[in-house]
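Colleague: Residue numbers for the sequence shown follow our numbering, so the first one is 596 and each next one is one higher.
This is the structure I have questions about; it appears just below.
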Amino acid sequence: HYTGLLEIHRGNFTKAIEFILKAIDLEQNEAKYYGNLSVAYIQSEKGSEALQAIEAALILEPENLDFIYNKGAALVKSGQLKQAQKIYTSLLEIPSYQPLALAELAQIKTKTNQYDEAIDYYRKAVGKGVNTAQFLTAFSLTLERINHLEEARDIAEKAITQDANFNLARYA
């Protein structure tokens, strides 16, 4: 299992899945194994597998907030945006999850072309400290889509300030 975690951190998601599945074969009642398996599947763009893994984790630990959050991510990857939105909306009630939930809701609203709501969520997330280059770039591009060009440029500059090596072209 720990080798699987190491592979997740290295970005080797196929190997991570392989190692975590071996750990699950040895110990099926370990919720964190299924939770980590879901993360590897999410990163591998395998939404339905991620959803199965996180459901298994939630059967073992139904109140685990990390697993609930990851279920939202698995739902997004499997194209079930309305269900993911419900999960993230419920996590807004928990202060430690509020910044992440706001960020996820912003991205869901962007994917569904609800730009005004998306921008509201982006602003709230930034106000709660979400300021990675990737997030700020997504925010900037959303602003650009609705012709808020000056604010889009300001946010893009903040993204570059956060990480000068971040490849903005990926999001153009």
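For each residue, glycine too, the CB sits at the ideal point set by N, CA and C.
Excluding the 5 residues preceding and the 5 following residue 675 in the sequence, name in chain order all residues of the same chain whose CB lies nearer than 6 Å to its CB.
Modeller: Position 80 of the sequence shown holds residue 675. Cβ neighbours of residue 675 beyond the five flanking positions: none.
Colleague: Between the stretch 747-754 and the stretch 730-737, do at least 3 Cβ pairs fall closer than 8 Å?
Modeller: yes
Colleague: Could you have a look at residue 672 and say whether DSSP puts it in helix, strand or coil?
Modeller: For this step, residue 672 is matched to residue 77 along the sequence shown. DSSP places residue 672 within a helical segment (H, G or I) once states are collapsed to three.
Colleague: Hey, how far is the Cα of residue 616 from the Cα of residue 632?
Modeller: Residue 616 sits at position 21 when you count from the first residue of the sequence shown. Residue 632 sits at position 37 when you count from the first residue of the sequence shown. Their backbone Cα atoms lie some 8 Å apart in a straight line.
Colleague: Which term fits residue 673, buried or exposed, when burial requires 16 or more other beta carbons within 10 angstroms of its beta carbon?
Modeller: On the sequence shown, residue 673 is found 78 positions in, with the first residue counted as 1. Flag for residue 673 reads buried.
Colleague: Starting from residue 720, trace the alpha helix (DSSP H) in both directions and tell me its first and last residue.
Modeller: Working through the sequence shown from its first residue, we reach residue 720 at position 125. Where residue 720 is concerned, the enclosing alpha helix (DSSP H) stretches over 710-722.
Colleague: Can you round the beta-carbon distance between residue 692 and residue 664 to whole angstroms, since I take them to be within the 8 Å contact cut?
Modeller: Residue mapping note: residue 692 aligns to position 97 of the sequence shown, counting from 1. Residue mapping note: residue 664 aligns to position 69 of the sequence shown, counting from 1. So it is a contact: roughly 6 Å between Cβ atoms.
Colleague: Hey, residue 703 and residue 668: beta-carbon distance below 8 Å or not?
Modeller: The residue you call residue 703 lines up with position 108 of the sequence shown. The residue you call residue 668 lines up with position 73 of the sequence shown. It is not a contact, given that the beta carbons lie outside the stated cut-off.
Colleague: Taking the alpha-carbon of residue 725 as reference, which of 746, 744, 712, 699 has the nearest alpha-carbon?
Modeller: Translated into the one-based positions of the sequence shown, residue 725 becomes position 130. That would be 699, whose Cα lies nearest to the Cα of residue 725.
Colleague: Once the 5 residues before and after residue 836 are set aside, which same chain residues still bring their CB inside 6 Å of it?
Modeller: Only positions 596 to 767 of the chain appear in this structure, which leaves residue 836 out of reach.
Colleague: Can you list, in chain order, the residues of its chain with a C-beta nearer than 8 Å to that of residue 744? Leave out the 5 residues immediately preceding and following it.
Modeller: One-based indexing of the sequence shown puts residue 744 at position 149. Within the same chain, residue 744 has close Cβ partners 738.
Colleague: Can you say whether residue 707 is buried or exposed, counting buried as having 16 or more other CB atoms within 10 angstroms of its CB?
Modeller: On the sequence shown, residue 707 is found 112 positions in, with the first residue counted as 1. Exposed, because fewer than 16 other Cβ atoms sit within 10 Å of the Cβ of residue 707.
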